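Peer 1:
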Amino acid sequence: MSTLSSAPQATPAAWVPARFRDLLASEWIKTRSLRSTPWTLALTVLFVIGSAAVASLADKGAGSGPAEFLPFDAYPAAGYWTLILVASSMGALTVVSEYSSGLIRTTTVAVPARGSVVLAKAAVTAALWTAVGTAASTGSFLVSQAILDGHHAGVPITHPGVLRALVASALLAPVCALVGLGLGVLLRHAAGTMVTAVFTLLMLPPMFSEGNRWSADIKHTLVAAAWNRLIQPWEPDPGSLGYTATVPGSWLVYTLWPLITVALAVLVVGRRDV
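Going by the numbering used here, the sequence shown opens with residue 2, and the numbers climb by one from there.
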């Protein structure tokens, strides 16, 4: 007489929480899988470099004196204000697009540690836009100096003030992208985040002058004003009636804006429903 043996039943696999490197890989896949991302980044870099070329070609006074670093030819405001706009907008879209599509609910179910998700998004965003900012900043400098060399006005990268301006212009992109990301988590609405980012990063600085101390103090806490100070190789005129930002203070602004916005995002995302 034979006996029936029951087949072994499969036991469910133990749930393993996602590691931070898994979150990084996931966010990177989300970013590069969008067809618009490489086109947007490439066009932004080309526009920034092109604006430096146009500014250098239009500078008829270059070469009339001794060769010196001309920061607003190498890093014109038109190109870098555009970089601020694109970086902050795309930084915000990494978050608000998930809120608008409802994908954020799937993400938070798969990864209950919401703060880790935000940090992973911030890490990928910072790395991507640091690369973009470095390409734009280096390209702007090289193209502008190649054009200015024709007027005997080009300077090498070792010229005083050049390296600081190059680094400040490169880091402007990740700083603004992280600010946009943080605002996106806090506001969770595409239009509201875009308006807030544009107003804070682009429209607010021109509203304040350096003629009064209180106005200058407010202006010096803004990212665009900090960038403008860091690319200037000259020191403030002691006889000037205005109040000029300091270089260490401007670097501090670069550090605090993304740090505070991302920290607030991590704090808030864990305390409210998605």
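For every residue, glycine included, the Cβ atom is placed at its ideal position computed from N, Cα and C. Quick caveat: nothing in here was measured; it's all calculated off a predicted structure.
Tell me which residues share the same chain as A136 and place their Cβ nearer than 7 Å to its Cβ, disregarding the 5 neighbours each side in the sequence.
Peer 2: Closer than 7 Å at Cβ, skipping near neighbours: V46.
Peer 1: Taking 7 Å as the threshold (C-beta atoms), are A68 and V199 in contact?
Peer 2: It is not a contact, given that the beta carbons lie outside the stated cut-off.
Peer 1: To the nearest angstrom, how far is the alpha carbon of T131 from that of L172?
Peer 2: Taking the straight line from one Cα to the other gives about 6 Å.
Peer 1: Quick one: is S101 buried, meaning 16 or more other Cβ sit within 10 Å of its Cβ, or exposed?
Peer 2: With fewer than 16 other Cβ atoms within 10 Å, it is exposed.
Peer 1: Do you know offhand how far S145's Cα is from T222's?
Peer 2: Distance between the alpha carbons of S145 and T222 is about 29 Å.
Peer 1: Taking the C-alpha atoms as reference points, what is the distance between M195 and S57?
Peer 2: Going by the C-alpha atoms only, they are around 31 Å apart.
Peer 1: Would V163 be called buried (16 or more neighbouring beta carbons within 10 Å of its own) or exposed?
Peer 2: Flag for V163 reads buried.
Peer 1: Just reading off the alpha helix (DSSP H) that W228 is part of, what are its end residues?
Peer 2: Here the alpha helix (DSSP H) through W228 covers V224 to L231.
Peer 1: Among the candidates I232, P207, A121 and D150, whose CA atom is the shortest distance from the CA of A266?
Peer 2: Closest option to A266, Cα to Cα, is A121.
Peer 1: Rounded to whole angstroms, what is the Cα-Cα separation between P13 and G183?
Peer 2: With a pLDDT of 47 at P13, under the threshold of 50, the modelled position of this residue cannot be trusted, and the question is left open.
Peer 1: Short of 8 Å in beta carbon distance, which residues of its chain neighbour P161, apart from the five on each side in sequence? Order them along the chain.
Peer 2: Result list for P161: F70 and P234, in chain order.
Peer 1: Going straight from the alpha carbon of P39 to that of F209, what length do you get?
Peer 2: Whole-angstrom Cα-Cα distance: 36 Å.
Peer 1: Span of the alpha helix (DSSP H) holding I105?
Peer 2: Taken as a continuous stretch (DSSP letters only), the alpha helix (DSSP H) holding I105 covers L104 to A111.
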